[in-house]
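Each remark here refers to the structure printed beneath this line.
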Amino acid sequence: MAKVLTSKEENYAQWYNDLVLKSGLAENSAVRGCMVIKPYGYAIWEKMKDELDRMFKETGHENAYFPLFIPKSFFSREAQHVEGFAKECAVVTHYRLKTDEENGGLMVDPDAKLEEELIVRPTSETIIWNTYKNWVQSYRDLPILINQWANVVRWEMRTRLFLRTTEFLWQEGHTAHATSKEAEEETIQMANIYAEFSEKFLGIPVVLGNKTESEKFAGAVETLTIEQLMQDGKALQGGTSHFLGQNFAKAFDVQFTNKEGKLDHVWATSWGMTTRMIGALIMAHSDNNGLVLPPMVAPIQVVIVPIYRGNDQFPAIAEVANRIKDQLKALGISVKFDDRDTQKPGWKFAEYELKGVPVRLALGPRDIENENVELARRDTLEKKVLPQEGIAEYIKSLLDEMQENIYKKALDFRSENTHRVDTWDELLDVLENKGGFALAHWDGTIESENKIKDTKATIRCIPLDGEEEDGRCIVSGKPSRKRVIIAKAY
């Protein structure tokens, strides 16, 4: 089955598309630019969602739900916000269809025009801040710490499964605070949660930093981002956290009486992560044989495949397989015993390799006789024969080792593909020949940033942990105190 994949080296984009389709994660739908997330792909999203939801709730956040439709007038209240999203908005203008008497079929009823057009949610700041106005009167009502799991629509012209689709799933947090300090602390806290989630759960190392003025979220005072490096040397923005200042509170007149008895506008944040992370997971770890899933995010962590010739051999194998399955489940490990008789063992091996199942166990008559089991690990493709006794405890430890190994491999790749550059020619060499992250000095001006954008690369972020050092901007030669990350990106 793995032979159905184009190799990464031959055509990375085709390899990615093949892998999404052939591993059963998603497929294109009848609606242009939209995708069907299939059960295996959705199971991965559910694992991500459950972990993020746990992390959010541990920090005091609650889930709520807000309307899919937003009155057009709401968008015009925050100038930067409307400018940032205007070209991506899907607009509802009518509320009814009727029979087309002339041509047959259905038509939009011209008499059913909405008094005010509705925008299909591209993001929820406007509808949420209009709602928060009714929730906040006093500092005692603050903070409001709300997260929403939802779908959004952004009208994309060039789409790719998971990476950029017209409709996608995400979570969006929207919080309100009494002080600027509290809101800024919330912004940093949530960016750190995304970084921890990416590194410890998805096994993808990140650089946490500030977006430049031209790259920040529309309507934000400041945007923090986690930047990930994919195996083709391109960056991917993993999640963002925005300090909104009082911009949306002023636009929607959300005021409160503070502890001093004075009226003030609340301070806000928003933050989000999307199903794009499934695309990141694929591109950060997978190989020419298929998906490589970190155990924490794998829907099936262990699969047991029986090998037998006659039906008389199966009962003994099934008895041992089910015993091992029960032992693994007791340790909290997700396991599948694939006892289908419609496919041969070799076909199953290839299928689970393609799907990225971390551990595969094979059991045949000789294994039953010798009380052994053959184990194959997906990250290194190593195989070994082990005793059945204690196998569950061994696998539990092995899954932890694999999680760490997958992260370390991605971290080593990033280290090897992060280049310090001090001249324009060195930057071009990285972008055109090497790929990866370029660490370069920048003078902070839009003019120099636009010159960098001419290369089809962008300043991905200004790293928070970057050390200050004397340097010269690679574009203008003007003094600079800190390096930024420049890369081509998805």
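Residue numbers (my numbering): 1003 to 1492.
Just so you know, even glycine gets a beta-carbon here, dropped at the ideal spot from N, CA and C.
A quick note: this is a predicted structure, and the numbers were derived from the prediction, not measured.
Contact defined as beta carbons within less than 8 Å: I believe residue i pairs with residue j. What is the distance between those atoms, to the nearest angstrom?
{"i": "residue 1358", "j": "residue 1288", "result": "7 Å"}
{"i": "residue 1330", "j": "residue 1304", "result": "6 Å"}
{"i": "residue 1266", "j": "residue 1258", "result": "6 Å"}
{"i": "residue 1091", "j": "residue 1157", "result": "7 Å"}
{"i": "residue 1223", "j": "residue 1260", "result": "Wrong, their Cβ atoms sit about 20 Å apart, outside the cutoff."}
{"i": "residue 1178", "j": "residue 1144", "result": "6 Å"}
{"i": "residue 1494", "j": "residue 1322", "result": "One cannot answer for residue 1494 here, as it falls past the ends of the chain, which runs 1003 to 1492."}
{"i": "residue 1054", "j": "residue 1199", "result": "6 Å"}
{"i": "residue 1341", "j": "residue 1318", "result": "With a Cβ gap of about 13 Å, residue 1341 and residue 1318 do not count as contacting."}
Between the alpha carbons of residue i and residue j, how many angstroms are there, rounded?
{"i": "residue 1504", "j": "residue 1256", "result": "In the structure as shown, the chain begins at 1003 and stops at 1492. Residue 1504 is therefore absent and cannot be evaluated."}
{"i": "residue 1306", "j": "residue 1031", "result": "33 Å"}
{"i": "residue 1097", "j": "residue 1135", "result": "28 Å"}
{"i": "residue 1173", "j": "residue 1041", "result": "20 Å"}
{"i": "residue 1039", "j": "residue 1046", "result": "10 Å"}
{"i": "residue 1004", "j": "residue 1043", "result": "The predicted position of residue 1004 is uncertain, since its pLDDT is 45 and thus under 50; no value can be drawn from it."}
{"i": "residue 1019", "j": "residue 1012", "result": "13 Å"}
{"i": "residue 1412", "j": "residue 1140", "result": "48 Å"}
{"i": "residue 1080", "j": "residue 1132", "result": "12 Å"}
{"i": "residue 1203", "j": "residue 1107", "result": "50 Å"}
{"i": "residue 1146", "j": "residue 1168", "result": "30 Å"}
{"i": "residue 1477", "j": "residue 1351", "result": "52 Å"}
{"i": "residue 1201", "j": "residue 1283", "result": "11 Å"}
{"i": "residue 1462", "j": "residue 1228", "result": "9 Å"}
{"i": "residue 1432", "j": "residue 1218", "result": "25 Å"}
{"i": "residue 1033", "j": "residue 1112", "result": "24 Å"}
{"i": "residue 1349", "j": "residue 1343", "result": "11 Å"}
{"i": "residue 1434", "j": "residue 1264", "result": "57 Å"}
{"i": "residue 1235", "j": "residue 1424", "result": "19 Å"}
{"i": "residue 1190", "j": "residue 1382", "result": "36 Å"}
{"i": "residue 1215", "j": "residue 1460", "result": "12 Å"}
{"i": "residue 1419", "j": "residue 1294", "result": "21 Å"}
{"i": "residue 1479", "j": "residue 1416", "result": "28 Å"}
{"i": "residue 1048", "j": "residue 1302", "result": "13 Å"}
{"i": "residue 1451", "j": "residue 1472", "result": "19 Å"}
Quick one, are the C-beta atoms of residue i and residue j less than 7 Å apart?
{"i": "residue 1292", "j": "residue 1355", "result": "yes"}
{"i": "residue 1212", "j": "residue 1464", "result": "yes"}
{"i": "residue 1285", "j": "residue 1345", "result": "no"}
{"i": "residue 1086", "j": "residue 1220", "result": "yes"}
{"i": "residue 1207", "j": "residue 1297", "result": "no"}
{"i": "residue 1128", "j": "residue 1077", "result": "yes"}
{"i": "residue 1193", "j": "residue 1226", "result": "yes"}
{"i": "residue 1024", "j": "residue 1290", "result": "no"}
{"i": "residue 1161", "j": "residue 1035", "result": "yes"}
Who are the near neighbours of residue i in its chain, counting only those whose CB is closer than 7 Å to its CB and skipping five residues on each side?
{"i": "residue 1164", "result": "1022, 1028, 1277, 1278, 1280, 1281"}
{"i": "residue 1008", "result": "1016, 1017, 1020"}
{"i": "residue 1325", "result": "none"}
{"i": "residue 1470", "result": "1483, 1484"}
{"i": "residue 1422", "result": "1441"}
I'd like the list of long-range same chain contacts for residue i, defined as Cβ closer than 6 Å, with 5 residues on each side in sequence excluded.
{"i": "residue 1436", "result": "none"}
{"i": "residue 1176", "result": "1130, 1148, 1272"}
{"i": "residue 1114", "result": "1096, 1097, 1098"}
{"i": "residue 1327", "result": "1337, 1339"}
{"i": "residue 1378", "result": "1362, 1385"}
Whose C-beta lies closer than 8 Å to the C-beta of residue i among residues of the same chain, with five residues either side of it excluded?
{"i": "residue 1094", "result": "1071, 1116, 1119, 1120, 1121, 1122"}
{"i": "residue 1252", "result": "1267"}
{"i": "residue 1075", "result": "1118"}
Please check if any C-beta of chain D sits within less than 7 Å of the C-beta of residue i.
{"i": "residue 1111", "result": "The structure shown contains no chain D; it is built from a single protein chain."}
* Would you say the region 1245-1253 touches the region 1172-1189, given that touching needs at least three Cβ pairs under 8 Å? -> With a cut-off of 8 Å, the region 1172-1189 and the region 1245-1253 count as touching, because enough Cβ pairs lie within range.
Validate contact between the region 1060-1069 and the region 1226-1243 using beta carbons, cut 8 Å, 3 pairs: no
Is the region 1148-1165 touching the region 1095-1107, taking contact as three or more C-beta pairs under 8 Å?
-> no
Inset, instruction - Report yes or no: do three or more beta-carbon pairs, one from the region 1333-1353 and one from the region 1264-1277, lie closer than 8 Å? - result: no
* **Inter-stretch contact (C-beta, 8 Å, three-pair minimum) for the region 1395-1409 and the region 1365-1374** => no
- Query: Any contact of the region 1465-1484 with the region 1443-1452, i.e. 3+ C-beta pairs under 8 Å?
  - Reply: yes
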